[in-house]
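Read through the structure below, which is laid out as structure tokens, and then see the notes.
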Amino acid sequence: MQIIDAAKVGAVLDYPALVDALRALFREGCTVPLRHHHGVEVPGKAEATLLLMPAWTPGGYIGIKMVTVFPSNGQQGLPAIMGQYLLLSGDTGQVLAMIDGQTLTARRTAAASALAASYLARPDAERLLMVGTGALAPQLIRAHCAVRPSIRDIAIWGRNAAKAEALAERMAAETGLAVTAARDIETAARQADIISCGTLSKQPLVLGAWLKPGAHLDLVGAFTPEMRESDDEAARRARVFVDTREGALKEAGDIVLAVKAGALTSDAIQGDLYDLSRGISKGRESAEEITLFKSVGTALEDLAAAQLAFERAQAI
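In the numbering used here, each residue's number is its place in the sequence shown (first place is 1) plus 683.
What follows is the structure, given as structure tokens:
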């Protein structure tokens, strides 16, 4: 059994290859059962959660992501969320690899946004606004730049201006592009061709009125029905796409709350990543239209990333 740690996951999962791997598996499809969600008692502390997310392709690979959420871990200087990915042979059931789950998840999440942008963002997009400064932010920047090499200017906005400045300096040195910290989110959003949001916000950060013709809005961070990064007007103005219809209509606050308010109907969702990858949905249809993509994640993405990481790690 191979142990593929965080450093190796980062080394083998470059974004062009990972986006192609996700595209291929969304096109082919795989078995994705409902995830298992279990409460775990922790004596003297807050209840923990165990999440098991399986997926497989017949005769190919079986994958299981195991995630634990221990809310009291901060008292011991530990992260609240930890995870590992177990990859098995779909032919024999043999355990093939244990893969760092946090790095795998961050990479596949950013790659899913980039896959969507490859269909939905303007091919000549030059200005990217990154909303959020957490661990996912640099991954989203790298992923979007991988599918839209036309990007020349990047702005980063965060509630903590110092973190935005630090991330801007880091990404400027890494990419060689013009990267700055945005002081005013509205001004930056009105100028952006692509806006990518990776926050834990419960209130809209990007308003639909700010989106210029041709803009693409990528919503990643809000992952519960109560969280959102955009307002109802964004859903009204945009052609809306999601990673999976089932997940978005149940878990994505940007979708759930817009539907509840009457700003969007489930039938108005133009397509998901299955539809885009299979050519069922056309994606962007004009240079002027506004597009919106909302993701909540699916075990298919984990499996696509894990099998690519395993096959590439074997070759090293």
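Ideal Cβ placement from N, Cα and C applies to all residues, glycine included.
#### Entry: Secondary structure, alpha helix (DSSP H): runs of 4+ residues fully inside the segment 902-986
If we require 4 residues or more, the alpha helix (DSSP H) runs fully inside the segment 902-986 come out as 915-920, 928-934, 936-944 and 956-961.
### Task
Scan the segment 835-899 and note each continuous alpha helix (DSSP H) run of 4 residues or more that stays entirely inside, going in chain order.
The qualifying runs are 844-858 and 868-874.
### Query
From S755 to S969, what distance separates their C-alpha atoms?
Distance between S755 and S969, taken at the CA atoms: about 49 Å.
### Query
For the beta strand (DSSP E) that V830 lies in, which residues bound it at each end?
Bounds of any beta strand (DSSP E) do not take in V830; it lies within the alpha helix (DSSP H) bounded by L819 to V830.
### Task
Keeping to the same chain, check which residues put their C-beta closer than 7 Å to that of Y698; ignore five residues upstream and five downstream.
Cβ neighbours of Y698 beyond the five flanking positions: A794, A797, R825, A826 and A829.
### Task
Return the CA-CA distance between A849 and D774, expressed in angstroms with no decimal places.
Each residue's CA atom was taken as its position, placing A849 and D774 some 47 Å apart.
### Task
Identify every residue that forms a DSSP beta bridge with V778.
Beta-bridge analysis with DSSP links V778 to L771.
### Query
CA-CA distance, A704 and P726?
Each residue's Cα considered, the two are about 42 Å apart.
### Task
Take I834 as the anchor and find which of R810, I878 and L823 has the nearest alpha-carbon.
I834 has its Cα closest to that of R810, out of R810, I878 and L823.
#### Entry: Pairwise C-alpha distance: A861 and L986
Just so you know, the alpha carbons of L986 and A861 end up roughly 35 Å apart.
### Task
Under 6 Å Cβ to Cβ from D807, same chain only, skipping five residues before and after it: list those, please.
Excluding the 5 residues flanking it on each side, D807 has same chain C-beta neighbours closer than 6 Å at S833, in chain order.
### Task
Could you pull the start and end residues of the alpha helix (DSSP H) that P699 belongs to?
Counting along the chain, the unbroken alpha helix (DSSP H) around P699 starts and ends at Y698 to E711.
### Query
Where does A797 sit, in a helix, a strand or coil, going by DSSP?
DSSP places A797 within a helical segment (H, G or I) once states are collapsed to three.
### Residue of V692, K748 and H721 minimising C-alpha distance to V715
Nearest option by C-alpha distance: K748.
### Task
Helix, strand or coil for G757, going by three-state DSSP, please let me know.
Note: G757 maps to helix in three-state DSSP.
#### Entry: alpha helix (DSSP H) segment containing V814, residue limits
Here V814 belongs to no alpha helix (DSSP H); instead the beta strand (DSSP E) covers R810 to V814.
### Query
Is I999 buried or exposed, if buried means 16 or more other CB atoms sit within 10 Å of its CB?
Answer is exposed; the Cβ neighbour count stays below 16.
### Cβ-based burial, L940 [other Cβ within 10 Å; buried from 16]
Classification of L940: buried, given that the 10 Å Cβ count is 16 or more.
### Message
Could you check whether S913 and P896 sit closer than 8 Å to each other, using their CB atoms as the reference points?
### Response
Result no, Cβ atoms of P896 and S913 do not sit closer than 8 Å.
#### Entry: Whole-angstrom distance between L769 and V778, CA atom to CA atom
In a straight line, the C-alpha of V778 is about 7 Å away from that of L769.
#### Entry: Buried versus exposed, by CB contacts within 10 Å (16 or more), I963
Its Cβ having fewer than 16 others within 10 Å, I963 is exposed.
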